[in-house]
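*Asks:* Protein chains in written order, with my numbering: chain A, 1 to 204; chain B, 1 to 206.
1. Pick out whichever of A:102, A:184, A:133 and A:139 has its Cα sitting closest to the Cα of residue 87 of chain A.
2. Going by C-alpha to C-alpha distance, which of B:169, B:121, B:137 and B:176 sits closest to residue 194 of chain B?
3. Verify the CB distance criterion: does residue 12 of chain A have a CB-CB separation below 9 Å to chain B?
4. Under 9 Å between C-beta atoms, does residue 80 of chain A make it to chain B?
5. In chain order, which continuous runs of the beta strand (DSSP E) of length 3 or greater are located wholly inside the stretch 90-165 of chain B?
6. Quick one, are the C-beta atoms of residue 131 of chain B and residue 110 of chain B less than 9 Å apart?
7. Among the candidates A:98, A:128, A:96 and A:97, whose CA atom is the shortest distance from the CA of residue 111 of chain A?
8. Examine chain B for any beta-carbon lying closer than 9 Å to the beta-carbon of residue 71 of chain A, and answer yes or no.
9. Tell me which residues of the stretch 119-144 of chain B have at least one Cβ-Cβ distance to chain A shorter than 8 Å, keeping chain order.
10. Could I get the ranges of all uninterrupted beta strand (DSSP E) runs contained in the stretch 123-171 of chain A, with 3 residues as the minimum, in chain order?
11. For residue 22 of chain A, name the three-state secondary structure that DSSP assigns.
12. By DSSP's criteria, residue 54 of chain B is part of a beta bridge. Which residues make up the other side?
13. Give the DSSP-derived three-state secondary structure of residue 12 of chain A in the structure shown.
14. Alpha carbon to alpha carbon, how far is residue 106 of chain B from residue 38 of chain B? Give it in angstroms, no decimals.
15. For residue 57 of chain A, does the three-state DSSP call read helix, strand or coil?
16. State yes or no: is the beta carbon of residue 195 of chain B nearer than 9 Å to at least one beta carbon in chain A?
17. Give me the chain A residues within the contact set of residue 182 of chain B, using Cβ-Cβ distance strictly less than 9 Å, ordered along the chain.
18. Tell me the DSSP secondary structure of residue 72 of chain A in three-state form.
19. Look at the Cβ atom of residue 37 of chain A, then the Cβ atom of residue 122 of chain A, and state whether they are nearer than 9 Å.
20. Where DSSP assigns a beta bridge to residue 44 of chain B, which residues make up the other side?
21. Would the beta-carbon of residue 124 of chain B fall within 9 Å of that of residue 140 of chain B?
22. For residue 34 of chain B, which of B:163, B:192 and B:187 has the nearest alpha-carbon?
23. Near residue 142 of chain A, which residues of its chain fall below 8 Å by C-beta distance, leaving aside the five closest residues on each side in sequence?
24. Against residue 144 of chain A, what residues of chain B qualify as contacts under a CB-to-CB distance less than 9 Å, listed in chain order?
25. Select from the stretch 79-102 of chain B all residues with a C-beta closer than 7 Å to any C-beta belonging to chain A, and list them in chain order.
26. Looking at C-alpha atoms only, which residue of A:158, A:168, A:186 and A:184 is the closest neighbour of residue 180 of chain B?
27. Start and end of the beta strand (DSSP E) containing residue 110 of chain A?
28. If you draw a straight line from the C-alpha of residue 30 of chain B to the C-alpha of residue 159 of chain B, how long is it?
29. Could you tell me if the beta carbon of residue 155 of chain B falls within a distance shorter than 8 Å of some heavy atom in the ligand ZN?
30. Could you tell me whether any Cβ in chain B is nearer than 9 Å to the Cβ of residue 22 of chain A?
31. Could you tell me whether any Cβ in chain A is nearer than 9 Å to the Cβ of residue 113 of chain B?
32. List, in order along the chain, the chain B residues whose C-beta lies closer than 8 Å to that of residue 136 of chain A?
33. Can you pull the chain B neighbours of residue 141 of chain A, defined as C-beta to C-beta under 9 Å?
34. When the distance is taken between beta carbons, is residue 42 of chain B closer than 9 Å to residue 75 of chain B?
35. Work out the CA separation of residue 185 of chain A and residue 48 of chain A for me, nearest whole Å.
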């Protein structure tokens, strides 16, 4: 079953929740309603006929046309079926940009959602640790990949330099930042052993 | 520097006995000679320039010929900071901290277009020249510069050091951040970061 068949199956099962279904360069693309997206993604992952068990990427698309909605894209891959599917959620820019997190479905969504939040300002409801990942924590100029973001940033170079030099360089690399202490039990045994020997300092 | 000329008559025997073993020079020249030939580089490689830096350090170009045998991966045992590659604002406090940790005497080489001016990255994330963060002695143009370019910069730096005087205390003054948290006055940073080339066609709301 190809991506197009998946789209047909989705429309059969979820009806009006699938607002559009099309193909671009041979890739099946489905647009779904925001409120049912999590349910649809769960079905795509768990249904025996779908088995989209690998989340390749989460990203967003902001179009220069201010009337056009911002899109959140999920690029799915079914490893056993060797099939891809792209799923899009359209978000009205006049409303708060919020979607449900899929961290509970794919653990790999953690940093992808943080990146989408960092670059586009989309809030992922239910994400365990939603904060900036590429830009520094104190970055105050907004969301750089939005089309209305000026390329050189909103502040003057002097102000940007002042804020950058005011940051604590060690804050990016502390154990708290890496959240090792919170995920201690999840770490592999050899990493735990190394940390206990003090290779990266004391861990509580 | 110069060997003692044999003295005239009189105590000729006495002086000629030691003259071939004595070297007279100014202290600053001796110190500068030592410094130019034992520069320990602190590589701060962030991008493709660092690849060229590694080539410079490897056998074909052999940085060790210039007294840079020992690469200092700790700023506390380093003399020359070589910033090889673009510097994002996220790394600005890091390079500033490394520069502050280096003991005097110290010098800095800005390697490549991005480190020197921001290069093609005239964006919100990029420092427009590391001379807005730390003092720089030699700039190396190129994208990336070839190893010969970096070697030439090192030779220029050696030439610069040769001309330094110990009596000039200003040379070794620690240049810290000002009370406003900036290394240069704000107007100077804005001036240095002015767009050039194709960048002038981009828009900015500031």
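Where is the CB? At the ideal position from N, CA and C, for every residue including glycine.
*Replies:* This is what the structure holds:
1. A:102
2. B:121
3. no
4. no
5. 107-111 and 138-140
6. yes
7. A:128
8. no
9. 122, 123, 124, 125, 127, 128, 132 and 133
10. 123-125
11. strand
12. None, per the DSSP bridge assignment.
13. helix
14. 12 Å
15. strand
16. yes
17. 158, 161, 162 and 165
18. strand
19. no
20. B:83
21. no
22. B:163
23. 121, 149 and 154
24. 123, 124 and 125
25. 89, 90, 92, 93, 94, 96 and 97
26. A:158
27. Counting along the chain, residue 110 of chain A falls outside any beta strand (DSSP E), though it belongs to the alpha helix (DSSP H) covering 109-120.
28. 14 Å
29. The ligand content of the structure shown is nil, which means the ligand ZN is not present either.
30. no
31. no
32. 89 and 90
33. 124
34. yes
35. 32 Å
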